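Visitor:
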Amino acid sequence: MNENEQQDLKMEVSMLVRDPVEEIKSTKVFSHLSSQSPEYADRAVRFVEAIAPILATTVQHFPLYTRHDAHHGFQVVRRLQDVLQDGCFDSGSDKLLGAPEMFLLIAAAYAHDLGMTVFPGEAPGLKSKLDLPVDEWETSVALTSYLRREHSKRGGAYIHRNASVFGVPENLVAPLDWIMKSHNLSVSELEANLRIPFAADDRVLDVRQLAAILCTADAIEFSDTRVLDGVVEIARQTEGGAAAISYRENRKHDCIRDSLAVTADGQVVVSGTFDDGDVLALAHRTFDEMEGWIRGYCDIDRQSKTPRLKIRPEPFLRRLDLPGATFERLGVRMSKRAVIDLVASNAVWRGSTGAPVRELVQNAVEACRFRSHHSSPADGYQPQVKVEFDRAGHTITVFDNGCGMSLRTILNHFLSVASSRAKEPAYATKNYAPIARFGTGFWSVFTVATTAHIKSLAFESGTIPRTGLQFDVSLDELRDYTVFRDCPMSPGTSVTLRLRDDVVIDDIYEQCRNLLIAAAVPIDLVLDGAVEKVPASVPDVTPEMLLGAKINVMEKDGLHTFQWRGEQSGVDVALGLVFRIEDQRPTFRLNAHTSVISRLNRGSGMSTTAVCGFQAPFRSSATCFDLWRVGASIANVNSPQGIVYSLDRGQVLESEQSVKMGRAISQCIHDGYRAFLRSRDVYDPQSIYRLNEESELNGGNVFDQYTDNQLSVAADEYPDLLCFRLYEVNPLRGFGQAVVRHVDWKGLQKLSGSCVVAQTRLDLPAPEGQFRSIYAEQLTAIAYDAATHIFRQEQMVEPLYVLEANRRASMLFDADPTSTIQTIPLQNSPEGALVHLVLQRWHLRRVTLDTDRHQIIAKVQGRWAGALYSRNFESHRGTPYAFLGRHRVLIRQGSELHDHCMALAEHKRFLKLADLVDDLQLHSQGFDPESVRELVKS
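Residue numbers for the sequence shown follow numbering that gives the first Met the number 0, so the first one is 0 and each next one is one higher.
Given below as structure tokens:
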């Protein structure tokens, strides 16, 4: 919006509304205040006079918003008389609102959006603080984002600094600030932060109730003047997503205008006529949210000593029409019974009878974490979770002394499938990260139980013994109602499961225990009175855990174990390694042919990960050695912030945070590995390379996969442990006499020249038409001989190195965008046949850590899985493709096949690409698939 348009809007605003003082004096609320206290009425007038000019500037910063000025405050005050019971204005009623309360409601109605303005004299400081542009700074993204984000804090602080100007008594500044903030707080936050009342004029002020009253009035403020004239058309013509949202929001108000009323008995009725289905759908969503807010505000009002809200916590009566069309809100219909049967079946929670109890324990821990987060040290809160397994009664009970549940929480979340309390703003703000996610976990208990008996008391009620609620849930009798009965208890929740007859309680105990790695809050597991405390941090990886039943041969085999524990970036890790001492050096070999993996307890030898102490498998970053084959680790991520789970929590899905935590786990493992190397005096590139290589014995040396960002991660996080063995090619020296260099990543960066590696199996003819295969791990000496041929043929001046076939060589090959293959003919002397050795080749100076430059056409999953490389090369077969093992294929640049693959990748036809490469494999085996016939011609 340009400056002229803004000026026109300001003129239209001034023409549409009366003087702010005249408006406030016309309201029933002000008249009642005047009759009670001329002093407070005068303060209210002073307040409106002082705030109106400031609020009028809101349109300068938010020109496409609905009205947030003094006239909006006036409309909110008018709505107060719609939502309050008549007795609130009756001097003979016990519901009468006093003068301080009326004043606070009026002031908050006007001031709740005050922070969205730039205060008088504040502009220079904000320009400097936010580094605002010189031109159009008033609507710059930096400023508007700041005002939106901080407005609930700014308004109250400004009034505090200027209380005398606004006519606000000092003792009312704090309650006014809280009421102003309330429209940005969830119901849970209101309940938690405003439990303790204020006082003024010898009256107790229930600020929590006043906040609920104001929020209710603000929510239903639909009026003829809410939309500024011209804004809808300007928003329609303005490009960008923000303008589109503004257009729909303004049109929503335009189509409803003042067609929202509250009946004498508190029922909300709303009507409107629409010409756009999106706007109508937005209106319905808005009213859905309003119904939820009003239910919460009515809950708060009912908890007050004297309820005052007239408005009812019931669905609105809606008459929203789209002329000329039929608008149905329910696009997808679901059977409630079918959904519950699904989430409470082994189709979701499968393979573990302990998982449902883990879900309850997670809920209990979550309740304790939430209460602890909202408690001050002075409260002396000591969280506790207890799980009792009763063999005789065939029951399991999970107790906690956490935040508990109010009736509203029970109805809106606990008994509502897929309506997690974690979605409430209180859980998503204030630096609190919930463990809960889906709102389905409780229903998993019916895979093992017939009935659940629940007791709960919300801690907001205080620590004085109060009456909680108790009720039963049974899947066999899924009723359309729930009977709640009073029950004396302390704040918290207990859930008692009556187990099915075929369920073995000891199995549940053991599986549940195995799913609890550590305790975010104290957890006691009680089996028939015997108490086991879940450790507060990850346990050590002991020799018993590493070797299991094979520990009895530990001394005979000369095995040793190394234990370490540490933490980093919110992750705790325990590490254990198994090794031998040979020639005074540690080794991961059991003997010349196998590694210590044959002695590991494979049942618990695998590394375990957890979030907030609950086992949650997810991948850590690649490590420099194969930990799984020589030891184990236990890792616990202390915060669930940003972690995304599968529905049954059996897996952590990949997200930005899970990748970050995976890297933190990897860093801890490497810290432990460094400690091991130093303890045995083998912290040098040669020893590290040897040990890393030994850890990959017996199937761990997987190198025929695209390594993606593994090199950049390794270079950033463990360059000292990323070690290489390079055989420097010298035509005058045989392989046995070659100079061998052992370097880490920093040492490698100092080298120049080219490298080759043989990572493709060599098939030699054998008698009777068969073949004898030499695998890549056995080809280093042959590759060295072939490299000497290249060195002579090309008369090379720069060094040429041969590497052994392993993942480290693959990382370097992948990281050179110009890497290629070179085919060397070999004479197989016994049979006299010609065979070809394929060497992968790259230049050290062209290695890049930027994966976007790796020249990868696509990574695919399907009939074939792997990566397609865009490269220049010549194949001895004359084909425009070359396979490097199972999961890599090079596609020759400039070929018709290359153009076809690029086109499929550009259109994201990855399954089609996978099918194509599978057919290329058939072609490489001598078959003739029609799909690739034309594409592979030279």
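Where a beta carbon is used, it is the ideal one built from N, C-alpha and C, also for glycine.
Computed from a prediction, not measured in an experiment: that's the story for all the values here.
For Phe46, which of helix, strand or coil comes out of DSSP?
Guide: helix
Visitor: Only counting the same chain, and skipping five residues up and downstream in sequence, which positions put a Cβ closer than 6 angstroms to that of His159?
Guide: Val172
Visitor: Does Ala162 come out as helix, strand or coil in the three-state DSSP assignment?
Guide: In the structure shown, Ala162 sits in a helix (DSSP, three-state: H, G or I).
Visitor: Using the beta-carbon count (16 or more within 10 Å), is Leu833 buried or exposed?
Guide: exposed
Visitor: What number of angstroms, rounded off, separates the C-alpha of Thr822 from the C-alpha of Ile580?
Guide: 42 angstroms
Visitor: Please name the residue in Ala49, Cys611, Ser594, Ala51 whose C-alpha comes closest to that of Ala519.
Guide: Cys611
Visitor: In this structure, how does DSSP classify Lys454 when only helix, strand and coil are distinguished?
Guide: strand
Visitor: Is the Cβ-Cβ distance between Leu843 and Leu750 less than 9 angstroms?
Guide: yes
Visitor: Quick one: residues in its chain with C-beta nearer than 8 angstroms to the C-beta of Glu48, no 5 flanking neighbours on either side, listed in chain order?
Guide: Here Glu48 has Pro19, Val20 as same chain residues with Cβ atoms under 8 angstroms from its own Cβ, once five neighbours each way along the sequence are excluded.
Visitor: Under DSSP, the alpha helix (DSSP H) around Arg247 begins and ends at which residues?
Guide: For Arg247, the enclosing alpha helix (DSSP H) starts and ends at 240-255.
Visitor: Within this structure, are the beta carbons of Val268 and Leu316 separated by less than 9 angstroms?
Guide: yes
Visitor: State yes or no: is the C-beta of Trp841 within less than 9 angstroms of the C-beta of Cys754?
Guide: yes
Visitor: Under 9 angstroms, do Gly86 and Arg307 count as touching if we go by C-beta distance?
Guide: yes
Visitor: Within the same chain, show all residues whose beta-carbon is closer than 7 angstroms to that of Tyr380, passing over the 5 residues directly before and after it, in chain order.
Guide: By the criterion of a C-beta distance shorter than 7 angstroms, Tyr380 is surrounded in its chain by Arg370, Ser371, Ser374, once the five residues flanking it on both sides are discounted.
Visitor: Does the segment 914-921 come within contact of the segment 730-738, defined as at least 3 CB pairs closer than 8 angstroms?
Guide: no
Visitor: Skipping 5 residues on each side, what residues in its chain have a beta carbon closer than 7 angstroms to that of Lys745?
Guide: Pro718
Visitor: Below 9 angstroms between beta carbons: does that hold for Lys94 and Gln80?
Guide: no
Visitor: Identify the residues that DSSP records as bridge partners of Ile820: which are they?
Guide: DSSP, once it has assigned bridges, lists Gln839 as partnering Ile820.
Visitor: Closer than 7 angstroms by C-beta to Ala775: which residues in its own chain qualify, once you throw out the five before and the five after it? Chain order, please.
Guide: Closer than 7 angstroms at the Cβ level, and outside the excluded window around Ala775, lie Ala757, Gln758, Thr759, Arg760, Ala804.
Visitor: Identify which residue in Arg862, Val728, Leu778, Ala902 has its Cα closest to the Cα of Glu797.
Guide: Val728
Visitor: If I follow the unbroken beta strand (DSSP E) through His741, where does it start and stop?
Guide: 738-743
Visitor: Enumerate, from N- to C-terminal direction, the unbroken alpha helix (DSSP H) stretches of 4 or more residues contained entirely within the segment 20-100.
Guide: 27-35, 37-54, 57-60, 69-82
Visitor: Three-state secondary structure (DSSP) at Asp683?
Guide: Coil at Asp683, not helix or strand.
Visitor: Whose CA, out of Ala780, Cys486, Leu103, Glu327, lies closest to the CA of Asp200?
Guide: Nearest option by C-alpha distance: Leu103.
Visitor: Which residues does DSSP pair with Leu498 in a beta bridge?
Guide: By DSSP's assignment, Leu498 forms a beta bridge with Ala448.
Visitor: Count the other CB atoms, across all protein chains shown, that sit within 10 Å of the CB of Asp715; report buried if there are 16 or more and exposed otherwise.
Guide: So Asp715 ends up on the exposed side.
Visitor: In or out: Arg926 buried (at least 16 other Cβ within 10 Å) or exposed?
Guide: The sequence given here places Phe at residue 926; Arg does not occur at that position. Exposed, since its Cβ has fewer than 16 Cβ neighbours within 10 Å.
Visitor: Quick check on Phe165: buried or exposed, where buried means 16 or more other Cβ atoms within 10 Å of its Cβ?
Guide: Per the 10 Å Cβ criterion, buried.
Visitor: Is it true that the segment 210-221 meets the segment 284-301, where meeting means three or more beta-carbon pairs spaced less than 8 angstroms apart?
Guide: yes
Visitor: Who are the Cβ neighbours of Gln920 in its own chain at under 8 angstroms, not counting the five residues just before and after it?
Guide: Trp863, Phe882
Visitor: Just checking my contact of Ser181 with Leu189 at CB under 8 angstroms: how many whole Å lie between their CB atoms?
Guide: 6 angstroms
Visitor: Hey, could you find the ends of the alpha helix (DSSP H) Asp851 is sitting in?
Guide: Run containing Asp851: none; DSSP gives neither H nor E here.
Visitor: Please name the residue, chosen from Leu63, Asp68, Val44, that lies closest to Ala55 on a Cα-to-Cα basis.
Guide: Asp68
Visitor: Taking the straight line between their C-alpha atoms, what separation do you get for Val569 and Ser92?
Guide: The identity of residue 569 in the sequence shown is Gly, whereas the question assumes Val. C-alpha separation (whole angstroms): 57 angstroms.
Visitor: Once DSSP output is grouped into helix, strand and coil, what is the label at Gln614?
Guide: Secondary structure at Gln614: strand, using DSSP grouped into helix, strand and coil.
Visitor: Please determine, among Asp275, Gly893, Leu802, the residue with the shortest C-alpha to C-alpha distance to Lys936.
Guide: Gly893
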